[in-house]
Amino acid sequence: MSWALGVAADHPVLLVAVPLLFAALCPIWAMWKRSACFPWAMAGMSVTAFLAWSLIGDVSPRRALTYNLSGWRPPWGIQIRIDYVGLLMVCIITAVGLLIVLYSWRYVEHDLKPERVPYYYTLLLLIMTAMIGFSVTGDLFNMFVMMEIFSITSYALVAISGMKEAVRAAFKYLLMGATSSLTVLLAIAFLYSATGSLNMLDISLQLKSTSYVQVAAVALILFVVGFSVKAALFPVHVWLPDAHSIAPSPVSALLSALVIKMGIIGLFRVFFTVYGPGFAARSGTWNGVIDVVSWLAVASILVGAALAIIQRDFKVMIAYSSIVHIGYILLGLTVLSGNGTVGGLFDILAHAMGKGCFFMVAGIMIYKGNRRQIHELRGVGRTMPVTAWAFTIAALSIVGIPPTAGFMAKFYILWGCIQRGKYHFVVLALIGSLLTAVYCFRVVYYMFFTGARRPDARLDEGPVTMYAPAALLAAGTVFFGIFANLLIPSLTAAARLVLAR
Amino acid sequence: MNFSRMFHNLNYVVSVLLFLIGLYAVTVKPNLIKKLIGLNIMETSVFLFIVSIGMVESGQAPIVTEGVKTSQMVNPIPQALILTGIVVAVSTTAVALSLCLRLHERYGTLNSDEILASITDVSQLGRPWEEF
């Protein structure tokens, strides 16, 4: 057992290689027996999660694990570099991913044609691989490849049910996603022509002395445009409500909790690892872009919350709520204060748990009685108490009420805004929180304070593999709200390093 | 405006122009296949640009042989990059075309305006306060 603990620290590439191997072998298992795919995916995710969590002691804000693929040293070869933020993302991906695979089991049996189930688990393992690879890579082009893998898999996962609306939403997502990927690729090409390097740390060194400042500035703008689409920031969010609401619920949970966070991690890497505040001294573009993104983030909060309030469809409402939280996270990251960055990173965790729980609850409502509209949730608090309470606790976190993780995240984001004297952002973000409370507690109101017109005895709690993951995620929001100090000191150190570069 | 400098960096100008032509097709053309062709034009523009960065006057293949100086070799990395890029582009196009096939099966048309017009469900934008 002890050798297994060290193996990931010696070979961080296993974090990407293991789920990829499991994904590649999944169709072969399906040839033998279709029902073997779920245990196989579960085993794959468990091994990956074990490898990821065994790294927790080895990585600190000041110490990153590196691995050079094929032994080529950094400026030339591809380097896997697990820094503190990367490890945080990998831990969130594997933990939420494990619960989503467990949740998928009964849901896809019910929702998908049997011959599509093997494809589903293959794509699920592949998207996990790509997201982990995206979070831990130190190479820009490798990042692009990983981004394309998780993008293409997510188009396929949105369309996997084959419904009319799903195919349309997937195509819309594909057009916007592929365009944004090409924007990122053009940015990488510009940056490569300016610096002659693809390694992020090497590029950030080169940018301090390059004479092609304008090319790098244009590349920065292209990066921001591209990753904003992936993250569903306000003016380019239009693909998200369609794709997230029509996809099968575990896929919605995956897309909302993890995949849109990849756009944020992309922006984070570009802003702070590749360019860094050091670039601000060379070109005004960096500060300008950061300002624009923080205003767009506030616009996301307000527009997303306003649109969520007017929805009748439960999943569409949750999808708009994701846009709100993308706004909060990016507001925290672009306010350029240590506490703001801590809050933004912490909100990635809080939102992954809260929104994962939301979509799982929405999935249970569809699984039991095909209830998609909010007013159909009357009396759920009495017939399905665990599910309803999981939703309520996650809603507390999404709104930002103590003692939940969402409160800590928003507290730090707003504290960061106050430290930088941006009181207008504080006011607008608090208005967004009030609107969030309106649309979240409207559902809670229907669940607990209205009786069902015709109580239906068959609509009891769903299978335990469906409500247990939702309840675990809700419990997680409370756990990280109370024990936030497990992460806050390290995040503060990481934020200080990031902002000083 | 310094045109000689622009001419010197023609690869930047041409690739951005091609990129914009592709973007025009993706956003404006109603036919889904034409949108995909636009997407492929955008891809090609980026690939052409990446290849052009690695260009060396009278360059040689980057294989260590007698009589070839390393300064004459072309940069192999851009070519490796677009090779990967082409694979990615082909897979995107394949997924997109299969989605087009399904769309044509389900809606009977590939015109995005007609597909949008066939959606009659406006109940999603309702007035939820009526239900209290």
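Chains as they are written, first to last, in our numbering: chain C, 1406 to 1906; chain L, 410 to 541.
Yeah, the Cβ is synthetic: ideal placement off N, Cα and C, and Gly gets one too.
Go to residue i, then tell me how far its beta strand (DSSP E) extends in each direction, as first and last residue.
{"i": "C/N1890", "result": "Segment: none, C/N1890 is in no beta strand (DSSP E) and carries neither H nor E."}
{"i": "C/T1527", "result": "Unbroken run through C/T1527 is the alpha helix (DSSP H), 1522-1541; no beta strand (DSSP E)."}
{"i": "C/Y1472", "result": "1470-1473"}
Out of the options, which has the shortest C-alpha to C-alpha gap to residue i?
{"i": "C/Q1380", "options": "C/A1435, C/A1795, C/A1469", "result": "No statement about residue 1380 of chain C is possible, as the shown extent of chain C runs from 1406 to 1906 and does not include it."}
{"i": "C/G1748", "options": "C/Y1472, C/G1805, C/L1707", "result": "C/G1805"}
{"i": "C/D1516", "options": "C/I1695, C/S1654, C/I1798, C/H1642", "result": "C/S1654"}
{"i": "C/A1599", "options": "C/V1589, C/L1590, C/A1592, C/V1620", "result": "C/V1620"}
{"i": "C/Y1851", "options": "C/R1467, C/Q1778, C/I1554", "result": "C/Q1778"}
{"i": "C/G1881", "options": "C/M1871, C/L1833, C/G1821, C/S1802", "result": "C/S1802"}
{"i": "C/A1624", "options": "C/V1452, C/I1887, C/F1885, C/L1591", "result": "C/L1591"}
{"i": "C/S1609", "options": "C/Y1680, C/V1412, C/V1550, C/F1639", "result": "C/Y1680"}
{"i": "C/Y1508", "options": "C/W1434, C/V1675, C/A1446", "result": "C/A1446"}
{"i": "C/A1702", "options": "C/A1767, C/S1586, C/L1833, C/M1722", "result": "C/L1833"}
{"i": "C/I1537", "options": "C/Y1525, C/Y1526, C/M1552", "result": "C/M1552"}
{"i": "C/P1432", "options": "C/L1528, C/R1511, C/D1463, C/F1830", "result": "C/L1528"}
{"i": "L/L525", "options": "C/F1549, C/H1829, C/F1684, C/D1647", "result": "C/D1647"}
{"i": "L/A504", "options": "C/S1556, C/V1550, C/A1622, C/Y1525", "result": "According to the sequence as given, residue 504 of chain L is Val; it is not Ala. Among C/S1556, C/V1550, C/A1622, C/Y1525, the Cα nearest to that of L/V504 belongs to C/S1556."}
{"i": "C/G1745", "options": "C/I1798, C/P1480, C/G1821, C/T1690", "result": "C/G1821"}
{"i": "C/V1697", "options": "C/L1531, C/T1739, C/F1443, C/V1903", "result": "C/T1739"}
List the endpoints of the continuous alpha helix (DSSP H) containing residue i.
{"i": "C/L1659", "result": "1654-1659"}
{"i": "C/L1738", "result": "1719-1739"}
{"i": "L/F451", "result": "A small fix is needed here, since residue 451 of chain L is Met in this sequence, not Phe. Residues 441-462."}
{"i": "C/I1798", "result": "1790-1804"}
{"i": "C/W1477", "result": "Element bounds for C/W1477: n/a, residue is neither H nor E."}
{"i": "C/S1566", "result": "It is not in any alpha helix (DSSP H) - C/S1566 carries neither H nor E in the DSSP assignment."}
{"i": "C/F1427", "result": "1419-1437"}
{"i": "C/Y1817", "result": "1810-1824"}
{"i": "C/F1676", "result": "Here C/F1676 belongs to no alpha helix (DSSP H), and DSSP marks it neither H nor E."}
{"i": "C/G1683", "result": "1682-1685"}
According to DSSP, is residue i part of a helix, a strand, or is it coil?
{"i": "C/V1850", "result": "Checking the displayed sequence, the identity of residue 1850 of chain C turns out to be Tyr instead of Val. If DSSP states are grouped into helix, strand and coil, C/Y1850 belongs with the helices."}
{"i": "C/I1485", "result": "strand"}
{"i": "L/S480", "result": "helix"}
{"i": "L/N520", "result": "strand"}
{"i": "L/R536", "result": "Low per-residue confidence applies at L/R536: pLDDT is 41, beneath 50, and the placement is therefore not dependable, though the value from the model is reported in the following sentence. L/R536 falls in the coil class under three-state DSSP."}
{"i": "C/Y1775", "result": "One detail in the question is off: residue 1775 of chain C reads as Asn in this sequence, not Tyr. The answer is coil: DSSP assigns C/N1775 none of H, G, I, E or B."}
{"i": "C/L1544", "result": "First, the amino acid is wrong: residue 1544 of chain C is Asp here, not Leu. In the structure shown, C/D1544 sits in a strand (DSSP, three-state: E or B)."}
{"i": "C/S1509", "result": "helix"}
{"i": "L/N418", "result": "coil"}
{"i": "C/S1616", "result": "coil"}
{"i": "L/G527", "result": "The residue you asked about is not Gly; residue 527 of chain L is Ser in the sequence shown. Here L/S527 sits in coil by DSSP."}
{"i": "C/S1650", "result": "helix"}
{"i": "C/D1865", "result": "coil"}
{"i": "C/L1460", "result": "coil"}
{"i": "C/L1517", "result": "coil"}
{"i": "C/S1609", "result": "helix"}
{"i": "C/V1452", "result": "helix"}
{"i": "C/A1875", "result": "helix"}
{"i": "C/E1553", "result": "helix"}
{"i": "C/P1807", "result": "coil"}
{"i": "C/A1414", "result": "helix"}
{"i": "C/E1781", "result": "helix"}
{"i": "C/T1855", "result": "coil"}
{"i": "L/S475", "result": "Position check: residue 475 of chain L holds Glu in this sequence, whereas Ser was assumed. Looking at L/E475 - three-state DSSP - the assignment turns out to be coil, as it is neither helix nor strand."}
{"i": "C/K1577", "result": "helix"}
{"i": "C/A1842", "result": "helix"}
{"i": "C/L1638", "result": "coil"}
{"i": "L/F541", "result": "With a pLDDT of 38 at L/F541, under the threshold of 50, the modelled position of this residue cannot be trusted, and the question is left open."}
So if DSSP puts residue i in a beta bridge, which residue, or which two residues, is it bridged to?
{"i": "L/Q469", "result": "L/M482"}
{"i": "C/N1604", "result": "C/D1544"}
{"i": "C/S1465", "result": "C/R1468"}
Does the beta carbon of residue i come closer than 7 Å to any beta carbon on chain A?
{"i": "L/R515", "result": "This model lacks chain A altogether, as its protein chains are C and L."}
Query raised in the report: Should the region 1596-1613 of chain C be called in touch with the region 1570-1579 of chain C, which here means at least 3 C-beta pairs below 8 Å?
Result: Inter-segment contact for the region 1596-1613 of chain C and the region 1570-1579 of chain C is absent: fewer than three beta-carbon pairs are separated by less than 8 Å.
Query raised in the report: So does the region 483-497 of chain L actually touch the region 1625-1632 of chain C, counting three or more Cβ pairs closer than 8 Å?
Result: Here the region 483-497 of chain L does not lie against the region 1625-1632 of chain C, with fewer than 3 beta-carbon pairs under 8 Å apart.
Query - Cβ pair count under 8 Å reaching 3, the region 1730-1745 of chain C against the region 1659-1677 of chain C - result: Under the Cβ criterion (8 Å, minimum of three pairs), the region 1730-1745 of chain C counts as touching the region 1659-1677 of chain C.
Query raised in the report: Are three or more beta carbon pairs between the region 1485-1493 of chain C and the region 1521-1535 of chain C nearer than 8 Å?
Result: These segments do not touch.
Query raised in the report: Pairing CB atoms from the region 1561-1577 of chain C with CB atoms from the region 1610-1619 of chain C, are three or more of them under 8 Å?
Result: No, the region 1561-1577 of chain C is not in contact with the region 1610-1619 of chain C.
Query raised in the report: Per the contact definition of three or more C-beta pairs closer than 8 Å, is the region 1785-1794 of chain C in contact with the region 1747-1762 of chain C?
Result: Contact between the region 1747-1762 of chain C and the region 1785-1794 of chain C is absent, because fewer than three Cβ pairs lie under 8 Å.
Report task. Spell out a yes or no on whether the region 1409-1424 of chain C and the region 1457-1473 of chain C are touching, meaning 3 or more CB-CB pairs, one atom from each, closer than 8 Å. Result -> Touching, yes, given that three or more Cβ pairs across the two stretches are closer than 8 Å.
Query raised in the report: Would you call the region 1872-1892 of chain C and the region 1807-1824 of chain C in contact, with 3 or more CB pairs under 8 Å?
Result: Yes: the two stretches touch, three or more of their Cβ pairs being nearer than 8 Å.
Query - Three CB pairs or more closer than 8 Å across the region 420-433 of chain L and the region 499-514 of chain L - result: Flag = no, the region 420-433 of chain L and the region 499-514 of chain L do not touch.
Query raised in the report: Are the region 1435-1453 of chain C and the region 1494-1504 of chain C touching, with three or more C-beta to C-beta distances below 8 Å?
Result: As far as the Cβ criterion goes, the region 1435-1453 of chain C touches the region 1494-1504 of chain C, which means the pair count is three or higher.
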